[in-house]
Amino acid sequence: MNDFVLPATRYARSGDVSIAYQVMGDAPIDIIMVPGIVSHVEFLHELPGYTAFLRRLASFARVVTFDKRGQGLSDRMSAASSLEERMDDVRAIMDDIGSRQAVLLGFSEGAAMSALFAATYPERVSHLILFGGYARSFRTEEMILERLKLWGTGAVGIKGLMPDQATNPDTVALFARFERLSASPGAIKAYSSLNTLIDVSSVLPNVRVPALVLHRRTDAMVPVEFGRDVAARIPGAKFIEYPDGDHAFWTGDVETLTGDIEEFITGHRDGSVDALERVLATVLFTDIVDSTRSAVELGDQTWRRLLDNHDQIARQTVDKHRGTLIKSTGDGILATFDGPGRAVRCAIAFEAASKQIGLPLRAGLHTGEIEMRGRDIGGIAVHAAARVMAQAGPREILVSRVVTELVAGAGLRFSERGSHELKGLPGRWDLFAASL
């Protein structure tokens, strides 16, 4: 299996403006991803789950992402672009890649322009898909000013896009950089002010291409009522309302979401089975307890040295137990093992070694089917292991019941830690603390 390589950024000329875009996949169906308020085609790949989402779509389509004029890697402009100019940019990209007809997938703010494009150029749109979208702006000047005051810090945007990550300092810092790279405060002010004037409600009844409207009931950025309104105005539109999840399409239950998209476009939803290698593995997540507080108390230089020691110990310990170190998560690791017993012993050994250098850990393990994605992994088992870890206390190694059942007779001990609801996962999970 070849390692995945991120797509290269290319440029299409739309009049005198250069529009940055990327292409992933080579299937005969084209999907044009129309972004929300801001984007950056290269840095978005830094956000966990984003690339995996596009790769899932690329299993059955050629997927195109782009930055609107004035944002990201596209030419910067002195004023926000109109819907007409944004439509011109989509046509320019389609012409540049030789696409006669494409699926338009509009996200959030991009839904309005996508619907207008589909109604104006139906011969160039095979399907219209709108996620977390709205027909007319609902933001007030006060909301815009609040966003402007904290633009570039990630504080406001992440609460709407991924509220469950709003207290994670690493994710907030990552999102803050995304904001700064995507658009300046002046640019976001211009776009936000222009968007308050946009209303495509009267256009939606003129959409004649097959349309699918997707919205999550717990969307903190765009209330689900706006998605229902959009679907009601488009003749024959199919509406799917998901019971939970964030505004960010690449988070949450993306397999169900991408499956619905594939089925709407192709009539079936089996692309993931063919495109992804699935194996049974035990997934280990670890996390340094109170890492942010420790970093502040120790200072950057000392903390960096400790993290380097932590990473070296992780590599050595995982290798010793015949595991695969997938990646460092900044203050922890993600690793997989083909044997649950070795995975638990590795977690115990890693916790003991890290304690000796003054870095107490917590860990979570679960055994299940994972998806191999180049050097990364995905699947429900990965989410489950992360959720199990989140329940662990300092220096505690928690495992799911399936792990205990698979290591019977291996000389490991387990103490019951009760039944828990794990966020985003069905049912209740019995958890156990592992020890030698």
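Numbered according to the numbering used here, the sequence shown spans residues 221 to 656.
Ideal Cβ placement from N, Cα and C applies to all residues, glycine included.
Note that the structure is predicted; figures quoted are calculated from it, not measured.
Open item on the list: Quick check on the DSSP output: what are the complete beta strand (DSSP E) runs of length 3 or more inside the stretch 381–456, in order along the chain?
Closed with: 431–436
Task: Reference Asp315, options Ile252, Gly479, Arg275, closest by Cα - done: Ile252
Task: Beta-carbon proximity of Val392 to Leu424, cut-off 9 Å - done: no
- [ ] Specify the secondary structure class of Arg525 as computed by DSSP and reduced to three states.
- [x] helix
TODO: Excluding the 5 residues preceding and the 5 following Ser234 in the sequence, name in chain order all residues of the same chain whose CB lies nearer than 6 Å to its CB.
DONE: Asp308, Asp309, Ala312
TODO: Would you mind working out which of Gly550, Ala555, Ile239 sits nearest Arg542, comparing C-alpha positions?
DONE: Ala555
- [ ] Please state whether DSSP places Phe484 in a helix, a strand or coil.
- [x] helix
Task: Alpha-carbon to alpha-carbon, Ala281 and Ala272 - done: 14 Å
TODO: Provide the residue span of the alpha helix (DSSP H) that contains Glu589, from first to last.
DONE: Careful: Glu589 lies outside any alpha helix (DSSP H), inside the beta strand (DSSP E) at 581–593.
- [ ] Report, in whole angstroms, the separation of the C-beta atoms of Leu581 and Ser574, which I expect to be a contact under 8 Å.
- [x] 5 Å
Open item on the list: Please report the distance separating the alpha-carbon of Val433 from that of Asp464.
Closed with: 16 Å
- [ ] Report yes if the CB atom of Thr486 is closer than 9 Å to the CB atom of Ile249, and no otherwise.
- [x] yes
Task: Nearest residue (CA-CA) to Thr373, options Glu343, Ile349, Pro405 - done: Pro405
TODO: Can you tell me which of the three DSSP states Met221 falls into?
DONE: Low local confidence applies: a pLDDT of 33 at Met221 is under 50, so the model's placement there is unreliable, and no value is given.
Open item on the list: Let me confirm a value: Val499 is counted as buried when at least 16 other C-beta atoms fall within 10 Å, else exposed. Which label applies?
Closed with: exposed
Open item on the list: Beta-carbon within less than 7 Å of Asp650's beta-carbon, same chain only, minus the 5 sequence neighbours each way: which residues are those?
Closed with: Arg621, Ser639
Open item on the list: Below 8 Å on the Cβ atoms is my contact criterion, and I expect Ala501 with Ile590 to pass it. Report the Cβ-Cβ distance as a whole number of Å.
Closed with: 5 Å
Task: Ser492 to Phe351 span [Cα, whole Å] - done: Its pLDDT being 44, under 50, Ser492 is placed unreliably in this model, and the value from its coordinates should be taken loosely. For Ser492 and Phe351, the distance between alpha carbons rounds to 20 Å.
Task: DSSP beta-bridge partners of Ala653 - done: Leu618, Ser635
Open item on the list: DSSP three-state label for Ser302, please.
Closed with: coil
- [ ] Find out if the Cβ-Cβ distance for the pair Leu303, Leu348 is shorter than 9 Å.
- [x] no
Task: Local conformation of Phe327 per DSSP, three classes - done: strand
- [ ] State the DSSP-derived secondary structure class of His260, mapped to helix, strand or coil.
- [x] coil
Open item on the list: Using C-beta distances below 7 Å, list every residue in its chain close to Met333, excluding the 5 sequence neighbours before and after it, in chain order.
Closed with: Val254, Leu303, Arg306, Met307, Gly326
- [ ] Apply the 10 Å Cβ neighbour rule to Ser402 and answer buried if 16 or more other Cβ atoms are within range, or exposed otherwise.
- [x] buried
Open item on the list: Considering only DSSP beta bridges, list what Asp507 is partnered with.
Closed with: Arg582
TODO: Would you decide whether Gly578 is buried or exposed? Buried here means 16 or more other CB atoms lie within 10 Å of its CB.
DONE: exposed
Task: Residue range of the alpha helix (DSSP H) that includes Ile600 - done: 600–610
Open item on the list: Ile418 and Arg356 - do their beta-carbons sit closer together than 9 Å?
Closed with: yes
Task: With 16 other Cβ atoms within 10 Å as the buried cut-off, status of Ala628 - done: exposed
- [ ] Give every residue of the same chain whose Cβ lies closer than 6 Å to the Cβ of Ser298, excluding the five residues on either side of it in the sequence, and list them in chain order.
- [x] none
Task: Whole-Å CB distance - Leu394 paired with Glu262, under 8 Å assumed - done: At roughly 14 Å, the Cβ-Cβ gap does not stay under 8 Å, so Leu394 and Glu262 are not in contact.
Open item on the list: To the nearest angstrom, how far is the alpha carbon of Asp246 from that of Ala278?
Closed with: 7 Å
- [ ] Within the same chain, show all residues whose beta-carbon is closer than 8 Å to that of Ala633, passing over the 5 residues directly before and after it, in chain order.
- [x] The question names Ala, yet the displayed sequence has Arg at residue 633. Excluding sequence neighbours, Arg633 sits near Ala654, Ser655, Leu656.
Task: Where Ile249 sits in the DSSP three-state scheme - done: coil
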